[in-house]
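Remarks on the structure that follows.
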Amino acid sequence: MRKNDRTIKWLILLTPTITIGLWEYIRHAFLLPYMSMELGNFLAPFIVLAVTLTLVLGLFRRLEESQGELQAEKTTTASLEERERLARELHDGIAQSLFLLAVKLDQLDRATADETVRRLAGQLRETVRDVNDDVRQAIANLRQPPSAAEAAWVVPLRELLGETAGIIEAQADFRWGIPDGSLTNKEKVELHACLREALLNVRKHARAKRVIVIGELDDEGGFRCAVEDDGAGFAGDPLAAEGRFGLRMVRDRAQRMGWSFRAERRDGWTIIELRQRGRREA
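Position 4 (the sequence shown) corresponds to 454 in the working numbering; numbering is contiguous.
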């Protein structure tokens, strides 16, 4: 248990006792000439209740937040340990086997005078070198902390962007910098649904050559998420156009979450944007 959590728990336990003690001291030292014993006894539980509602509930919230942070730290630590284990297995297994294979190919090259065999050994050596480079890059990636764009709920968005770009033969650009822990589970679900619908809208209508998905924090502690494309776009209000039910659903979802929604055409680009200005209290 962390020291801060232990302090909070002691405060929760001691607050009612301290409250009663202070009340009794104040009553006997200052209020006794003006207040009967019966009235003082009658008011005591209500005073304790009032202090509990104002102070102890706040301490409980802080304790819950601290426990949530501790659980997130444990999850992150477990994830990093698993990544390190996989990196170690790759290094001790596949990487060393590839090195041994390269040595054997060198021995084969030196042991034969057949030009065809030597040429084949050289080609195999190049292939082994490429695979070895890929494995070492994978090991390096595993030993780095996962980025915001590698969060489990973000990966399907990146994959959907790739699928969309592949279908319409466009260039995809995924720019995601929102830390996983800065969003609640409900925000993740709603953002995923909104951005997915915006990407499907690009797939069906845009005929774009470039599609960008953006997720970033702003200076106020809120976030901005957008799907941008350089396709055909729209004229007038896209929410008023027939058949644009998807964008209306995105707008309605955003409004329910308290986010701003914007759909506009600017400098040859269509921008569907969701923005939260500042953060709500947890």
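We put the beta carbon where it would ideally sit given N, CA and C, even for glycine. All figures in this text were calculated on a predicted structure; none of them were measured in a lab.
With a threshold of 16 other beta carbon atoms within 10 Å, ALA656 meets it and is buried. A straight-line Cα-Cα distance of about 45 Å links VAL700 and ASP580. Going by C-alpha positions, LEU505 is about 51 Å away from ARG715. Within the model, the alpha-carbon separation for ILE721 versus TRP603 is close to 22 Å.
Burial check for ARG477: the Cβ neighbour count within 10 Å reaches 16 or more, so the residue is buried. Setting aside the 5 residues that flank it on each side, GLY681 is surrounded in the same chain by ALA656, ARG657, ALA658, each with a C-beta closer than 6 Å to its C-beta; the list follows chain order. Counting C-beta pairs with one atom in each stretch, the region 480 to 497 and the region 506 to 519 have fewer than three that are closer than 8 Å, which means they do not touch. In the DSSP assignment, ALA622 falls within the beta strand (DSSP E) that extends over 621 to 626. Ranked by Cα distance from PHE510, the first of ARG586, LEU724, THR457 is THR457. Distances from the CA of VAL501 to each of VAL567, GLU531, LEU481, THR467 were compared; the closest alpha carbon is that of THR467. Contact holds between the region 619 to 629 and the region 659 to 667, because three or more Cβ pairs, one in each stretch, are under 8 Å apart. Sequence-distant Cβ neighbours of GLY612 in its own chain, meaning closer than 7 Å and more than five residues away, are ALA622.
Per DSSP, reduced to three states, the secondary structure at SER710 is strand. Taken through DSSP and simplified to helix, strand or coil, ARG716 comes out as strand.
Check the Cα spacing between ARG575 and each of VAL639, VAL553, ARG660, ALA561: the tightest is with VAL553. Counting along the chain, VAL639 sits inside the alpha helix (DSSP H) bounded by residues 635 to 651. Taking C-beta separations shorter than 7 Å and ignoring five residues to either side along the sequence, GLU474 has no partners in its chain. Taking 7 Å as the cut-off, the Cβ atoms of ARG568 and ASP559 count as close.
Out of GLY508, TRP709, ILE470, GLU532, the CA that lies nearest to the CA of PRO495 is found in ILE470. Between the C-alpha atoms of ALA545 and VAL578 there is a straight-line separation of about 10 Å.
Distance from the CA of GLY616 to the CA of ARG674, rounded to the nearest whole angstrom, comes to 25 Å. Counting along the chain, no beta strand (DSSP E) covers ASP564, and no H or E run does either. LEU520 and GLU678 have their C-alpha atoms spaced approximately 37 Å apart.
Cβ-Cβ separation between ARG703 and CYS644: approximately 5 Å, consistent with a contact (criterion under 8 Å). A residue is called buried once 16 or more other Cβ atoms fall within 10 Å of its Cβ, and ASN651 is buried on that count. For GLY471, the three-state secondary structure derived from DSSP is helix.
Linking GLU670 to HIS642 through their CA atoms gives a straight-line distance of about 22 Å. In the assembly as shown, LEU481 is an exposed residue. Its beta-carbon has fewer than 16 other beta-carbons within 10 Å.
Non-local beta-carbon contacts of ILE462 in its own chain, meaning distances under 6 Å to residues more than five positions away in sequence, involve VAL506, LEU509 in chain order. According to the DSSP assignment, ARG674 belongs to no alpha helix (DSSP H) but to the beta strand (DSSP E) extending over 673 to 679.
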